[in-house]
Amino acid sequence: MWLSNALAPVRPQATKQATMLQSTARREPRNNPRQHQTYAREQQIVKTNSKIVSKVAILDIGTYSIHLILADIRPDRSITIIDRMKDPTRLGDGTFATRRISEVAFQRGIEVIHRFGTLARHKDFRRIVATATSAVREAENGGLFIKAIAKHTGIRVQVITGEEEARLIYLGVRQALSLPPKRSLIIDIGGGSVEVVSCTPQRLLAAASLKLGSIRLKEMLVTMSRTSNYPMAALEYLIDQELRILSRKRFRESVTQVIGTSGMIGNLVEMIYWQRMGKPLANPNLVTITVEDIRTVERLLRNGNPAARHTLLGRDPNRADTLYPAALVLRKFLETVGQDRLTFCTHGLKEGLLYDVLQRHRGILSAEEIWPDAKERQIRLLAQRYRVPQPHSEHVARLASQLFDQTQPLHGLGAQERQWLVFAGLLHDVGYVIHSHRHHKHSYYLIRHAELSGLTDEEIAVIANVARYHRRALPHRRHLAFRELSRDRQWVVKVLSALLRIADGLDRTHFSIVKEVTVTVGHTVVVHAICRDDAELELWSAQERADLFEMIFHRPLRLVAVSTNGAPS
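Here the sequence shown stands for residues 15 to 583, numbered as in the working numbering.
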């Protein structure tokens with residue numbers, strides 16, 4: 015879920031249009047209590063402001079574990095952690111070899127998320143910010159997993175990129191530590207990927223997401239053991255190749271401190287402390303370890319037989335098969351960046367998510383510039399008023415306009431209809447301000463009854479209908495709002511909705527992974543999605559929403575991922 019969607023109940027300032035809602039064309043529901051509640055809230059949403067967010071649940075669906083944090087945000091904007099829970103679900107087991115989340119992990123993940131969601135709600139944590147990382151991001155059935163979570167738990171999950179992981183990790187660490195004035199490096203070793211951040215106390219300077227997670231490397235080592243006489247050497251060579259990016263100046267110059275975060279590094283720190291002191295470590299936060307410490311534990315993990323590895327003091331039994339790859343990566347990372355010690359920090363991605371929610375709620379955003387075109391200005395101000403996630407809405411509008419331009423031989427529409435499509439793209443998610451459930455219908459209502467004096471009533475009706483059909487049901491004459499349009503405008507709504515549905519699917523994660531699209535129109539319409547990262551979820555989502563396009567143009571649509579260098583992804 016887009017993080018600002020966690021703040022959906024925050025309501026905008028009242029508008030002049032609010033006084034007119036009693037006389038709108040929409041008919042007030044008669045018998046359904048739930049519809050009465052929704053209708054009342056749609057009217058209320060433009061009149062009042064809600065209270066500050068007081069309770070937030072953070073759900074981190076990682077490759078190795080699923081974590082839950084329950085936190086109170088107090089009126090003075092301080093954060094108090096109420097509870098923490100985790101479950102070593104290991105969604106990544108087998109995922110990177112097969113490109114699919116296994117059936118066992120799939121079901122186990124749903125069960126854990128359902129349990130955590132139920133627990134949070136029972137403790138009155140209604141606002142759940144949920145994210146998923148590399149295992150879900152790279153799995154071909156990751157989209158089905160996200161869909162199943164929404165169906166069985168009611169929780170909307172946002173799949174974040176490696177770059178976003180790195181940013182959130184930096185935010186979490188920065189809140190917990192006093193970073194030195196000069197450059198620091200942060201490393202987080204997860205189950206599927208390793209995030210590296212170069213930063214100062216003021217800003218993130220550079221970030222890299224490396225496919226060196228401990229579960230991924232464990233699976234590679236198993237495969238190499240079958241195909242190579244020297245699997246350990248082959249694994250080290252692979253790690254060295256992936257770490258080459260860190261030889262760049264931005265990751266090596268003037269580094270004064272290296273900080274490690276994540277459960278994997280924390281477990282290595284606990285093992286090292288056992289080796290040093292002969293007793294357990296009460297709190298690993300800010301404990302410093304050296305490269306030689308890591309080498310010692312690495313040798314124990316590498317040379318001992320499986321039974322001996324299971325008895326190592328301080329080792330988490332659930333991590334027995336993944337600690338050696340993690341130790342190997344950590345040691346080689348420090349050697350690559352020319353550092354001999356690392357300080358562990360207990361804060362990371364999950365805490366970064368929490369602080370990000372707080373930042374967004376406090377509205378630390380720069381003011382938008384004034385747009386010279388009156389229509390565009392009113393559309394963008396409406397989007398701001400209802401706190402639409404700007405990067406996502408603008409990217410969807412841009413992708414939709416690219417699809418419009420390149421499919422013009424099929425639809426024959428012109429500049430006016432193109433502008434309506436862009437406006438619908440900018441506003442398609444305004445309904446989240448009411449609720450994520452059926453937000454497309456809420457979007458229709460808010461747009462239809464907004465004060466957009468620069469647009470005619472017919473234009474507003476078309477834009478509202480296109481936004482309404484960006485997901486779920488297709489346009490149909492049984493829908494009153496659609497039926498009231500002229501026949502020509504009904505065709506326009508169908509065409510624009512078909513393009514918006516695909517564009518919204520191509521930014522399913524809200525991280526602009528699909529940079530642009532090129533379209534080949536033939537007996538089959540082929541959409542080439544130019545991607546900068548793994549885009550399985552985007553392509554799956556867009557293909558799911560191609561139904562209207564295929565129906566109105568009577569030809570199949572196929573999506574093809576192409577990397578930014580022009581090669582098939």
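We put the beta carbon where it would ideally sit given N, CA and C, even for glycine.
Boundaries (first-last residue) of the alpha helix (DSSP H) holding residue i
i    : result
Q557 : E550 to E558
I160 : G156 to T167
E209 : Segment V208 to C213 is the beta strand (DSSP E) holding E209; no alpha helix (DSSP H) there.
I142 : No alpha helix (DSSP H) holds I142; the beta strand (DSSP E) holding it covers I142 to A146.
Q420 : Q404 to Q420
F496 : L494 to R497
S228 : S228 to T241
L344 : L337 to T350
I253 : P245 to E256
A119 : E117 to H136
H454 : H453 to R462
Y400 : Unbroken run through Y400: none, as it is neither H nor E.
Q430 : A429 to L441
Per DSSP, the bridge partner or partners of residue i
i    : result
C545 : V528 and S577
H81  : D74 and K100
Q271 : S198
F358 : G274
K69  : D86
R572 : V540
I203 : V208
V533 : V541
T109 : Looking at the DSSP assignment, T109 forms no beta bridge with any residue, so it has no partner.
CB contact check: residue i to chain D, cutoff 8 Å
i    : result
G352 : The chain labelled as chain D is not found in the depicted structure, where only one protein chain is given.
Chain-order list of residues whose beta-carbon lies under 8 Å from that of residue i (same chain, five-residue window excluded)
i    : result
T538 : R569, P570, L571 and R572
V507 : V476, N479, V480, Y483, P489, F496 and L499
G468 : A388, K389, R391 and Q392
A397 : Q404, S407, L440, L441 and V444
V283 : G274, L295, P298, V301, I303 and F358
H128 : H166 and T167
Endpoints, beta strand (DSSP E) assigned at residue i
i    : result
D561 : Premise fails: D561 lies in the alpha helix (DSSP H), D561 to F567, not in any beta strand (DSSP E).
L218 : L218 to L224
I474 : Here I474 belongs to no beta strand (DSSP E); instead the alpha helix (DSSP H) covers D471 to R482.
T302 : T302 to T304
Q172 : V171 to V173
Buried/exposed call for residue i, threshold 16 Cβ in 10 Å
i    : result
S37  : Note on S37: pLDDT 33, under 50, position unreliable in the model; the coordinate value appears next. Classification for S37: exposed.
E117 : exposed
I72  : buried
K137 : exposed
R515 : buried
S590 : Nothing about residue 590 can be read from this structure; the chain reaches only from 15 to 583.
A247 : exposed
N281 : buried
K293 : exposed
D107 : buried
H409 : buried
G176 : buried
G519 : buried
L494 : exposed
S276 : buried
P339 : buried
V70  : buried
Sequence-distant residues of its chain with Cβ nearer than 7 Å to residue i (five each side left out)
i    : result
A162 : I124
Q416 : E530 and V531
R114 : A153, E154 and N155
S380 : In this prediction, S380 has a pLDDT of 33, which is less than 50 and means its spatial position is unreliable; nothing more can be read from the coordinates.
Cut-off 6 Å between Cβ atoms - residues of its own chain near residue i, not counting five sequence neighbours on either side
i    : result
I174 : T145
F567 : L424
V444 : Y400, V402, S457 and L460
H361 : G186, V187 and A190
L224 : V208 and E256
W554 : G157
H542 : T532, V574 and V576
M99  : L82
R355 : T302 and T304
T350 : L257 and L260
D97  : L84
S526 : H409
Whole-number beta carbon distance between residue j and residue i, since they are thought to touch under 8 Å
i    : j    : result
L182 : L367 : 6 Å
E233 : A111 : 5 Å
G186 : E365 : 4 Å
Y78  : G204 : 7 Å
V533 : Q420 : 4 Å
V126 : T103 : 5 Å
Any non-hydrogen atom of the ligand MN within 7 Å of residue i CB
i    : result
I169 : Questions concerning the ligand MN fall outside what the structure shown contains, since it holds no ligand whatsoever.
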